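Mapping to numbering that gives the first Met the number 0: the first sequence position 165 is 164, numbers consecutive. Cβ coordinates follow ideal geometry from the N, Cα and C atoms, glycine included. Here the structure is a predicted model, which is why all the values come from computation and not from measurement. Notes follow once the structure below has been shown.
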Amino acid sequence: MEESELIVERKKKLDELKELGIEPYGRRFTCTHKIADIKEDTGKVKMAGRIVALRGHGKAAFADIKDITGKMQLYFKNDILGEEKYEIFKKIDIGDFLGVEGSVFRTRTGELTLRVRDFKILAKSLRPLPEKWHGLKDVEIRYRKRYLDLIANEETPRIFHKRSQLIDKIREFLNERGFLEVETPMMQEIPGGAKARPFITHHQALDTDLYLRIAPELYLKRLLVGGLERVYEINRSFRNEGIDTLHNPEFTMLEAYSAYGDYQEMMELTQELIVSLAKEILGKEEINYQEQKIDLKPPWQRISLKESLKEYCSFEDFSDLKKMKKIAKGLNLELSGKENGFEIADNIFKKRVQPALINPVFILDYPRSTSPLAKSKPDNTKLVERFELFIGGLEIANAYSELNDPAEQRRRFEEELKEEREGVKKTIDEDYLEALEYGMPPAAGLGIGIDRLVMLLTNSSSIREVLLFPQLKPEQ
RNA sequence: GCGCCCUUAGCUCAAUCGGUAGAGCAGGACACUCUUAAUGUCAAGGUUGCAGGUUCGAUUCCUGCAGGGCGUACCA
0 MEESELIVER KKKLDELKEL GIEPYGRRFT CTHKIADIKE DTGKVKMAGR IVALRGHGKA
60 AFADIKDITG KMQLYFKNDI LGEEKYEIFK KIDIGDFLGV EGSVFRTRTG ELTLRVRDFK
120 ILAKSLRPLP EKWHGLKDVE IRYRKRYLDL IANEETPRIF HKRSQLIDKI REFLNERGFL
180 EVETPMMQEI PGGAKARPFI THHQALDTDL YLRIAPELYL KRLLVGGLER VYEINRSFRN
240 EGIDTLHNPE FTMLEAYSAY GDYQEMMELT QELIVSLAKE ILGKEEINYQ EQKIDLKPPW
300 QRISLKESLK EYCSFEDFSD LKKMKKIAKG LNLELSGKEN GFEIADNIFK KRVQPALINP
360 VFILDYPRST SPLAKSKPDN TKLVERFELF IGGLEIANAY SELNDPAEQR RRFEEELKEE
420 REGVKKTIDE DYLEALEYGM PPAAGLGIGI DRLVMLLTNS SSIREVLLFP QLKPEQ
């Protein structure tokens, strides 16, 4: 590819600097201040950052320099820097990293400005930055070259600060309550804990196929067997499925398990956690998400799956296939005809009910057939003690009372085996069943999609906006 | 996977009922020692995503491909 004229120009300056004996890629520079800490009465200042704007005035110039804490104006003046230094300054481009030294003053217009007495080039930038005023809008470049997005769009670093803060607060919240953070295998012999298509990889030395985990669940519950009563993990899971605004092949999940609890306890914990996160990060209990106002004030509504379908679609009998198919048709749902009652109901739920769940709602009591790791309800073995949490129409959390009866668990796994699914290894995890046979305390388990929670708290419409490097097809 | 839409200068955007692309920013030259989207003057910058087709002529119309966006399906 032909090199752009803009790059040629910058390389020319690079060479000229080298000829003057200036190293354009500097070393350690010790700062006395970050930009945000600089005040009018701050004396001598040494700070570093990236030049983001230049305004020349013949024998003087203003520049804006940016560090992680903010932006400030620099004033370069011929008779302060000296002729020689000023000539070097003229070879500075927007995008260069500079270490500067000087004293603070206010300009005539009142702007806090650093009068530069000396500076060092810390890194020469060879490529032009995106436009200063409109930023970088091309979504593809924003995702592929996130570093440019971070430089050009103020909102982007803000999102990732919030994301980091959120995960921090989750850890704090759980640690305070006696949960132990653990790390369990991402490469698993039998991918369990969900029913998604896994990624396959191969270990050479062991000469065995391994699967990237689709969920950490079965390993975390082995830890309950081992007596670690409260454990959690915040890390990636991988699902080899379609990519859209809510799904990325690798995504971050919180899974937490609490011995001796049940899904009711988890509802309390989940509600408390999310409310406290909103308060800490946004400073309030109301959030705006995609033109919707969401009120997080507890207590949150709890309604069974059946009741929700009754309320929004006026039917409640999962065995009435005829009626459900009619409703599905009315909603323009494409059905293959092979779906069972719940699958149709689930489709109807997703199309009709879920988008209406703006304020937080716990949907309770799912059919046993779709929840092979959940404990049945004592009064109705067709249903399990499970909830999903919806906020802003997004599925945010999934939790249940954990099934700890090994014989029942085996029957559920066997039921599951009957369902064909392409690309999913159909193997019963005997090791897990063995662990249950040693005895696992009754427990509550919770999974929260961290990416979606971040979407909610940053008002992002796509999961890609909250992932630094979302998955895209390779170029070309 | 399917459907619809998008792709023009480094960036942000114009334009063409088919007649050969224009501006701002950035970059270059000159001027300018308090500007802040600095200013003024001048010059430069493009295989209009890629490959074909129709046409005297395609950036525009058509087909295919690539990448992206949105929707839909899979993701219990």
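Neighbour-count burial assignment, residue i, 16 or more Cβ in a 10 Å radius
| i | result |
| --- | --- |
| ILE362 | buried |
| LYS425 | exposed |
| THR29 | exposed |
| ASN486 | This structure cannot settle anything about residue 486, because the visible part of the chain is limited to 0 through 475. |
| HIS32 | buried |
| MET454 | buried |
| TYR146 | exposed |
| TRP299 | buried |
| GLN203 | exposed |
| GLY444 | buried |
| GLN187 | buried |
| ASP78 | exposed |
| GLU464 | buried |
| GLU154 | exposed |
| LYS123 | buried |
| VAL7 | exposed |
The ligand GTP heavy atom lying under 8 Å from the CB of residue i
| i | result |
| --- | --- |
| PHE118 | What this structure holds is no ligand at all, so the ligand GTP is not there to describe. |
In DSSP terms, what residue i is bridged to
| i | result |
| --- | --- |
| PHE250 | SER236 |
| MET71 | ILE64 |
| THR207 | HIS202 |
| VAL366 | In the sequence on display, residue 366 carries Pro and not Val. DSSP, once it has assigned bridges, lists LEU382 as partnering PRO366. |
| GLY448 | MET252 |
| MET265 | Bridge partners of MET265: none, in fact. |
| THR112 | GLN72, PHE104 |
| LEU388 | PHE361, ALA396 |
| TYR24 | ALA122 |
| GLN300 | VAL360 |
| GLY98 | ALA47, LYS119 |
| ALA59 | LYS76 |
| GLN470 | Bridge partners of GLN470: none, in fact. |
| GLU306 | According to DSSP, which records beta bridges pairwise, GLU306 is partnered with nothing at all. |
| ILE293 | ILE286 |
Whole-angstrom distance between residue j and residue i, CA atom to CA atom
| i | j | result |
| --- | --- | --- |
| LEU272 | LYS90 | 52 Å |
| PRO469 | ASP14 | 37 Å |
| GLU130 | LEU281 | 30 Å |
| MET0 | GLY241 | Confidence at MET0 is low in this model, with a pLDDT of 32, below 50, so its placement is unreliable and no value can be given for it. |
| LEU467 | LEU219 | 27 Å |
| ASP148 | TYR142 | 8 Å |
| ASN379 | GLU306 | 16 Å |
| PRO127 | ASN287 | 36 Å |
| ILE476 | GLU22 | What is shown of the chain runs 0 to 475, which leaves residue 476 out entirely. |
| ARG451 | PRO359 | 14 Å |
| SER375 | ARG367 | 7 Å |
| PRO156 | GLU171 | 22 Å |
| ARG116 | GLU18 | 23 Å |
| GLU216 | LEU227 | 14 Å |
| MET266 | ASP137 | 41 Å |
| THR112 | MET71 | 7 Å |
| TYR311 | ASP208 | 46 Å |
| LYS324 | LEU332 | 9 Å |
| TRP132 | VAL51 | 11 Å |
As assigned by DSSP and simplified to three states, the class of residue i
| i | result |
| --- | --- |
| GLU228 | coil |
| SER275 | helix |
| MET46 | strand |
| VAL508 | With the chain running from 0 to 475 in the structure shown, residue 508 is simply not present. |
| LEU372 | coil |
| THR457 | helix |
| ILE462 | helix |
| MET439 | coil |
| TYR288 | strand |
| ARG54 | strand |
| GLU413 | helix |
| ASP243 | strand |
| ALA355 | helix |
| ALA193 | coil |
| ALA258 | strand |
| GLU39 | coil |
| GLU8 | helix |
Cβ separation of residue i and residue j, assumed to be a contact under 8 Å, to the nearest whole Å
| i | j | result |
| --- | --- | --- |
| ALA498 | PHE386 | The structure shown does not extend to residue 498, since the chain spans only 0 to 475, so no value can be given for it. |
| ARG221 | SER236 | Contact doesn't hold; Cβ gap of about 17 Å is too wide. |
| PRO377 | GLU414 | With 8 Å as the limit, PRO377 and GLU414 do not qualify as a contact, their Cβ atoms being about 20 Å apart. |
| ARG9 | LEU125 | 5 Å |
| ILE347 | ILE326 | 6 Å |
| GLY48 | ILE64 | 4 Å |
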